[in-house]
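A short worksheet on the structure shown next.
Number of protein chains: 2
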Amino acid sequence: MQAEIIAVGSELLTPDRIDTNSLFLTQRLNHLGIAVARKTLVGDQHDHVRDAFRSALDRCDLVVASGGLGPTLDDLTREAVAELLGRKLVLNSSVLQNIEARFRRLGRSMPEVNKRQAMVPEGAELLENPRGTAPGLWLESAGRIVVLLPGPPHELKAMFTEKVEPRLEPMAGATRLFYREMRTAGLTESEVEQRTAPIYTQYPDVQTTILAAPGEIQLHLRAWSSNHPAAERMLDEMIERIGFALGENVFTSNGQTLEEIVAREMAINQATVATAESCTGGLLAERLTRVPGSSSYFRGGVVCYSNDLKTAWTDVPAELIESKGAVSPEVAQALAQGIRRRIGATLGIGITGIAGPSGGSPEKPIGLVYIALADANGSRDRALRFPGDRERIRWHASQAALDMLRRYFIYARHGKPSWPTVVQS
Amino acid sequence: MQAEIIAVGSELLTPDRIDTNSLFLTQRLNHLGIAVARKTLVGDQHDHVRDAFRSALDRCDLVVASGGLGPTLDDLTREAVAELLGRKLVLNSSVLQNIEARFRRLGRSMPEVNKRQAMVPEGAELLENPRGTAPGLWLESAGRIVVLLPGPPHELKAMFTEKVEPRLEPMAGATRLFYREMRTAGLTESEVEQRTAPIYTQYPDVQTTILAAPGEIQLHLRAWSSNHPAAERMLDEMIERIGFALGENVFTSNGQTLEEIVAREMAINQATVATAESCTGGLLAERLTRVPGSSSYFRGGVVCYSNDLKTAWTDVPAELIESKGAVSPEVAQALAQGIRRRIGATLGIGITGIAGPSGGSPEKPIGLVYIALADANGSRDRALRFPGDRERIRWHASQAALDMLRRYFIYARHGKPSWPTVVQS
Numbered sequence: 010m011q012a013e014i015i016a017v018g019s020e021l022l023t024p025d026r027i028d029t030n031s032l033f034l035t036q037r038l039n040h041l042g043i044a045v046a047r048k049t050l051v052g053d054q055h056d057h058v059r060d061a062f063r064s065a066l067d068r069c070d071l072v073v074a075s076g077g078l079g080p081t082l083d084d085l086t087r088e089a090v091a092e093l094l095g096r097k098l099v100l101n102s103s104v105l106q107n108i109e110a111r112f113r114r115l116g117r118s119m120p121e122v123n124k125r126q127a128m129v130p131e132g133a134e135l136l137e138n139p140r141g142t143a144p145g146l147w148l149e150s151a152g153r154i155v156v157l158l159p160g161p162p163h164e165l166k167a168m169f170t171e172k173v174e175p176r177l178e179p180m181a182g183a184t185r186l187f188y189r190e191m192r193t194a195g196l197t198e199s200e201v202e203q204r205t206a207p208i209y210t211q212y213p214d215v216q217t218t219i220l221a222a223p224g225e226i227q228l229h230l231r232a233w234s235s236n237h238p239a240a241e242r243m244l245d246e247m248i249e250r251i252g253f254a255l256g257e258n259v260f261t262s263n264g265q266t267l268e269e270i271v272a273r274e275m276a277i278n279q280a281t282v283a284t285a286e287s288c289t290g291g292l293l294a295e296r297l298t299r300v301p302g303s304s305s306y307f308r309g310g311v312v313c314y315s316n317d318l319k320t321a322w323t324d325v326p327a328e329l330i331e332s333k334g335a336v337s338p339e340v341a342q343a344l345a346q347g348i349r350r351r352i353g354a355t356l357g358i359g360i361t362g363i364a365g366p367s368g369g370s371p372e373k374p375i376g377l378v379y380i381a382l383a384d385a386n387g388s389r390d391r392a393l394r395f396p397g398d399r400e401r402i403r404w405h406a407s408q409a410a411l412d413m414l415r416r417y418f419i420y421a422r423h424g425k426p427s428w429p430t431v432v433q434s
Numbered sequence: 010m011q012a013e014i015i016a017v018g019s020e021l022l023t024p025d026r027i028d029t030n031s032l033f034l035t036q037r038l039n040h041l042g043i044a045v046a047r048k049t050l051v052g053d054q055h056d057h058v059r060d061a062f063r064s065a066l067d068r069c070d071l072v073v074a075s076g077g078l079g080p081t082l083d084d085l086t087r088e089a090v091a092e093l094l095g096r097k098l099v100l101n102s103s104v105l106q107n108i109e110a111r112f113r114r115l116g117r118s119m120p121e122v123n124k125r126q127a128m129v130p131e132g133a134e135l136l137e138n139p140r141g142t143a144p145g146l147w148l149e150s151a152g153r154i155v156v157l158l159p160g161p162p163h164e165l166k167a168m169f170t171e172k173v174e175p176r177l178e179p180m181a182g183a184t185r186l187f188y189r190e191m192r193t194a195g196l197t198e199s200e201v202e203q204r205t206a207p208i209y210t211q212y213p214d215v216q217t218t219i220l221a222a223p224g225e226i227q228l229h230l231r232a233w234s235s236n237h238p239a240a241e242r243m244l245d246e247m248i249e250r251i252g253f254a255l256g257e258n259v260f261t262s263n264g265q266t267l268e269e270i271v272a273r274e275m276a277i278n279q280a281t282v283a284t285a286e287s288c289t290g291g292l293l294a295e296r297l298t299r300v301p302g303s304s305s306y307f308r309g310g311v312v313c314y315s316n317d318l319k320t321a322w323t324d325v326p327a328e329l330i331e332s333k334g335a336v337s338p339e340v341a342q343a344l345a346q347g348i349r350r351r352i353g354a355t356l357g358i359g360i361t362g363i364a365g366p367s368g369g370s371p372e373k374p375i376g377l378v379y380i381a382l383a384d385a386n387g388s389r390d391r392a393l394r395f396p397g398d399r400e401r402i403r404w405h406a407s408q409a410a411l412d413m414l415r416r417y418f419i420y421a422r423h424g425k426p427s428w429p430t431v432v433q434s
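And the structure:
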């Protein structure tokens with residue numbers, strides 16, 4: 010079974026607004042075993058809306074649409090679809106009563122214009138909207154289904170999950186979409202591709218996508234199958250084989266963030282961490298504390314932009330900064346050791362680098378970042394060179410620091426000596 | 010002149026990827042006076058791509074498409090469009106040489122598959138791609154224009170700005186889109202609506218949109234006009250009148266971020282700032298240092314999650330934390346004063362609150378945040394109560410802190426005594 014999605018609303022044809030409803034709808038439809046074949050975004054013009062539905066119904070059996078069910082004159086999805094399907098619009102008194110009751114509960118009387126929302130095409134089934142005034146509509150015509158949903162995401166999501174999915178489920182057939190996701194840090198997109206292509210090409214029934222997000226590469230595996238246990242087994246087998254090929258570069262197969270993985274390692278190992286950041290300006294501390302409960306392993310950190318504060322807060326010798334420069338492996342190590350000692354944490358992280366747009370030189374170009382990790386036995390550093398602008402360099406640096414923390418525990422368990430080489434993705 | 014946008018790529022029909030290229034393209038097209046009438050997203054199937062272009066060309070004179078120009082077999086925009094327009098694909102040797110040279114510069118030889126990218130429909134004009142291998146294509150057929158752009162955003166943006174806009178500009182006609190944007194902090198969406206509706210409804214030729222972003226409310230004003238000076242005057246007049254209605258709650262009419270406005274005030278007033286953050290975990294420092302050159306007003310800050318560190322780093326008396334609680338106006342003020350004194354900055358900011366999901370109580374619920382600002386004359390605090398989850402509460406708190414810095418300088422100039430009341434947006 011295939012579906013098309015239509016999003017109605019002139020605001021979706023401006024530079025300000027993006028259609029995110031369709032991501033949710035796609036995910037839920039896929040889960041039911043329904044693929045999305047096309048998305049169309051049209052403005053609030055009667056003819057445009059009608060034509061979009063006509064074309065979609067020419068091509069497929071299910072059209073799911075959002076928007077244009079509001080009370081104002083430019084909300085005309087109801088009218089356009091009724092015209093296309095040759096249905097009359099009839100005032101539905103129970104819908105009208107619901108809308109009036111909703112306004113009464115808010116202490117207001119219903120504006121006359123909201124009556125429009127009680128106009129229902131003949132033969133349509135109503136989809137109740139507990140979160141708003143406009144009910145959704147379910148129409149069947151010549152074996153094809155049209156579902157009209159309101160545009161506000163919280164109304165659309167609740168209505169789709171509660172009212173639409175139970176109706177679609179029995180129709181969707183036995184073929185379902187099965188899905189796995191892996192996330193890696195420390196490898197480039199082409200390295201992931203090279204290591205995994207020999208494996209995933211052996212599974213032609215699985216659609217494998219490699220996606221690059223800043224500082225991480227993701228693998229998405231999708232299989233449509235009517236043999237559910239076989240599909241689950243096949244994907245589990247792929248995850249296992251790809252896991253071997255990518256080794257400790259995989260940080261999750263369960264959709265967790267790198268912050269969450271670091272949090273888990275911290276808890277398991279009863280470790281604590283302290284941060285001393287220069288070029289990342291607090292981003293590493295901010296990411297570490299995104300995780301609820303992070304106070305159990307993160308007590309504090311400093312952002313020492315100035316050289317004075319590097320010395321005052323983390324005991325980096327002024328002479329060291331003078332002789333090696335503030336952006337140097339030695340200063341990164343001194344930051345990590347100093348903040349660790351000052352806070353009394355198990356681990357310390359120091360970051361110093363050049364985020365740009367100014368401050369670069371031939372020897373120390375923009376994007377050069379030193380990250381050091383200190384424990385009770387000393388410290389080590391990584392020199393990294395990141396591409397992109399200030400924001401991207403800072404993000405990459407925080408990602409590399411989190412990954413260094415993650416690897417610290419893996420290497421402690423398995424004794425691997427070396428850090429991954431320079432990451433440029 | 011009207012355009013349609015087609016985005017090609019099966020990944021755009023999954024729950025993972027959103028089409029953001031079309032926002033950029035819409036903005037640039039609008040700027041040239043070209044409205045976007047529809048957007049279509051199709052997967053990597055030859056027939057689907059061809060049919061999408063056929064329908065779009067039936068409806069309008071300009072089709073701008075992204076994606077499907079890569080080297081692999083599922084990149085078939087070239088083939089589909091050539092077939093639709095009845096053009097042969099011909100190997101273009103200069104394109105081939107460029108691609109080979111690009112690979113040589115990266116120290117690799119060109120994979121055979123990349124030859125596909127040198128296949129050009131007869132009569133197409135090439136749009137050079139300095140950022141990637143796939144050139145763009147400009148085709149004209151029966152008075153209609155088709156522009157094919159690569160999918161990667163940085164390639165698409167550079168190519169559109171440098172190669173496409175100069176060609177479109179002379180065709181676009183006299184009617185242009187004129188645009189203004191205002192951003193406010195400290196007001197809810199309905200407050201902005203109430204204060205501005207009496208004004209903007211007097212300008213029926215201007216499309217006014219009020220958009221809520223976390224911690225700020227934006228007003229977008231758009232007018233299509235062939236009388237350019239009149240349109241500019243009308244929008245300037247609106248901006249002025251709306252500016253009076255919203256007062257110091259407007260922080261920019263030039264598209265700047267709140268961080269950038271704070272940076273400007275810091276520079277003008279030769280002020281410096283130091284931060285002591287608890288619940289925001291470094292987010293305020295991170296946002297202050299997003300601005301290039303922020304080292305001139307931001308020397309450093311601390312993230313003191315634990316009570317010990319609040320005392321050790323910012324001299325908050327342990328008895329004060331004991332008697333008032335770590336989340337209290339008194340501790341916020343002590344954090345602000347302490348970090349200001351320790352760093353020797355003009356201003357200090359202290360933030361303490363409950364970001365959740367745990368730690369709330371009836372007296373101090375999740376979302377309660379105290380923010381204090383200290384200067385040489387003392388300190389004052391604001392009690393705020395933010396809705397939403399941990400991430401949203403932290404963001405709102407950082408936004409309120411930046412806005413407090415901004416207002417500090419305004420109030421210093423104009424003598425307004427009070428802070429805005431609790432912000433809940």
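Note that the protein sequences, when read in sequence, are chains A and B.
For the first sequence, my numbering assigns the number 10 to the initial residue and increments by one for each residue that follows.
For the second sequence, my numbering assigns the number 10 to the initial residue and increments by one for each residue that follows.
We put the beta carbon where it would ideally sit given N, CA and C, even for glycine.
> Closer than 9 Å, CB to CB, is A/Q36 near chain B or not?
Replying inline: Using a Cβ-Cβ cut-off of 9 Å, A/Q36 counts as an interface residue toward chain B, since at least one Cβ of chain B sits closer than that to its own.
> Rounded C-beta distance between A/W147 and A/A167? I'm assuming under 8 Å.
Replying inline: A/W147 to A/A167, Cβ: 15 Å. No contact.
> Quick one: does A/Y209 have its CB under 9 Å from some CB of chain B?
Replying inline: Cβ-Cβ to chain B under 9 Å: no for A/Y209.
> Just to confirm, are B/V104 and B/P130 a CB contact at a threshold of 9 Å?
Replying inline: In this structure, B/P130 does not lie closer than 9 Å to B/V104 by Cβ.
> Quick one: is A/T170 buried, meaning 16 or more other Cβ sit within 10 Å of its Cβ, or exposed?
Replying inline: A/T170 should be labelled exposed.
> Hey, is B/E246's beta-carbon within less than 9 Å of any beta-carbon in chain A?
Replying inline: No, B/E246 lies away from the interface with chain A (no Cβ there is under 9 Å from its Cβ).
> Which residues in chain B sit within 8 Å of A/G367, going by Cβ to Cβ distance?
Replying inline: Strictly speaking, residue 367 of chain A in this sequence is Ser, with Gly absent from that position. Simply P301, G302.
> If you draw a straight line from the alpha carbon of A/P371 to that of A/E249, how long is it in whole angstroms?
Replying inline: In this structure, the alpha-carbon of A/P371 lies about 44 Å from that of A/E249.
>> Below 9 Å on C-beta distance, what does A/P396 contact in chain B?
In response: Near A/P396 there are no residues of chain B at all, since even the closest Cβ is about 11 Å away, more than 9 Å.
> How is the alpha helix (DSSP H) around A/A354 delimited, first residue to last?
Replying inline: Run containing A/A354: none; DSSP gives neither H nor E here.
> When DSSP labels each residue in this structure, what does A/V431 get in the three-state scheme?
Replying inline: Reliability fails at A/V431, whose pLDDT of 38 lies under 50, so the model's placement of it is uncertain and no value is given.
> For chain A, is any of its Cβ atoms less than 9 Å away from the one on B/H423?
Replying inline: No, its Cβ sits nowhere closer than 9 Å to a Cβ of chain A.
> Is A/Q346 buried or exposed, if buried means 16 or more other CB atoms sit within 10 Å of its CB?
Replying inline: Buried: at least 16 other Cβ atoms inside 10 Å.
>> Taking the alpha-carbon of B/R389 as reference, which of B/P396, B/E137, B/G376, B/M413 has the nearest alpha-carbon?
In response: Cα-wise, what sits closest to B/R389 is B/M413.
> In chain order, what residues of the same chain have a beta carbon less than 7 Å from the beta carbon of A/L21, not counting five sequence neighbours either side?
Replying inline: D28, L50.
> Hey, is B/K166's beta-carbon within less than 9 Å of any beta-carbon in chain A?
Replying inline: Interface with chain A (9 Å Cβ-Cβ cutoff): B/K166 is excluded.
> Residues of chain B with a CB under 9 Å from the CB of A/A46: which are they?
Replying inline: Residues of chain B passing the Cβ test: L22, V51, G52, Q54, H57.
> So A/A151 is in the beta strand (DSSP E); what residue range does that whole segment cover?
Replying inline: Here A/A151 belongs to no beta strand (DSSP E), and DSSP marks it neither H nor E.
>> Give me the subset of the segment 371–400 of chain A whose CB atoms are less than 8 Å from a CB atom of chain B, sorted by chain position.
In response: Cβ contacts with chain B: R399, E400.
> Where does the unbroken beta strand (DSSP E) through B/E225 begin, and where does it stop?
Replying inline: Annotation: the continuous beta strand (DSSP E) that includes B/E225 extends over 225–234.
>> Suppose only complete runs of 3+ residues qualify. What are the beta strand (DSSP E) ranges in the segment 265–343 of chain A, listed by chain order?
In response: The DSSP assignment places complete beta strand (DSSP E) segments of no fewer than 3 residues inside the segment 265–343 of chain A at 282–286, 307–313, in order along the chain.
> Listed in chain order, which residues of the segment 174–187 of chain A have Cβ atoms closer than 9 Å to some Cβ of chain B?
Replying inline: Within the segment 174–187 of chain A, no residue has a Cβ that lies closer than 9 Å to any Cβ of chain B.
> Exposed or buried, what is B/F253 when buried is set at 16 or more other beta-carbons lying within 10 Å of its beta-carbon?
Replying inline: Result: exposed.
> What does a CB cutoff of less than 6 Å around B/N278 pick up in its chain, not counting 5 residues either side in sequence?
Replying inline: Once the five neighbours on either side are set aside, the close Cβ partners of B/N278 are F418.
> For B/N263, does the count of other Cβ atoms within 10 angstroms reach 16, so buried, or fall short, so exposed?
Replying inline: It counts as exposed.
> Hey, out of A/K319, A/V300, A/P301, whose CA is closest to A/E286's CA?
Replying inline: Here the closest residue by C-alpha is A/K319.
> If you check the beta carbons only, do A/Y314 and A/A341 fall under 9 Å apart?
Replying inline: No, they are not a contact pair.
> Is DSSP giving B/Y417 helix, strand or coil here?
Replying inline: Looking at B/Y417 - three-state DSSP - the assignment turns out to be helix.
> Rounded to a whole number of angstroms, what is the C-alpha to C-alpha distance between B/M487 and B/V122?
Replying inline: As displayed, chain B neither begins before 10 nor continues past 434, which places residue 487 of chain B out of reach and without an answer.
> Would you call the CB atoms of B/G376 and B/I348 closer than 9 Å?
Replying inline: One thing to note: B/G376 has its Cβ no nearer than 9 Å to the Cβ of B/I348.
> B/P24: which of A/N39, A/R26, A/V17 sits nearest, CA to CA?
Replying inline: Considering only alpha carbons, the answer is A/N39.
> At a CB-CB cut-off below 7 Å, which residues of chain B make contact with A/A294?
Replying inline: Contact of A/A294 with chain B by beta-carbon distance below 7 Å involves G290, G291, V312.
>> So, under 8 Å CB-CB, B/N30 and B/A16 are touching, yes? Tell me the CB distance rounded to an integer number of Å.
In response: That belief holds up - the Cβ atoms of B/N30 and B/A16 are roughly 6 Å apart, short of 8 Å.
> Are the C-beta atoms of B/Q433 and some chain A residue less than 9 Å apart?
Replying inline: Unreliable positioning characterises B/Q433 in this predicted model, as indicated by a pLDDT of 35, which lies under 50. A coordinate reading is not provided.
> Roughly how many angstroms separate the alpha carbons of A/R153 and B/K373, rounded to a whole number?
Replying inline: Rounded to the nearest whole angstrom, the C-alpha separation of A/R153 and B/K373 is 54 Å.
> Under a Cβ-count criterion, where at least 16 other Cβ atoms within 10 Å of its own Cβ denotes burial, should A/Q203 be classed as buried or exposed?
Replying inline: With fewer than 16 other Cβ atoms within 10 Å, it is exposed.
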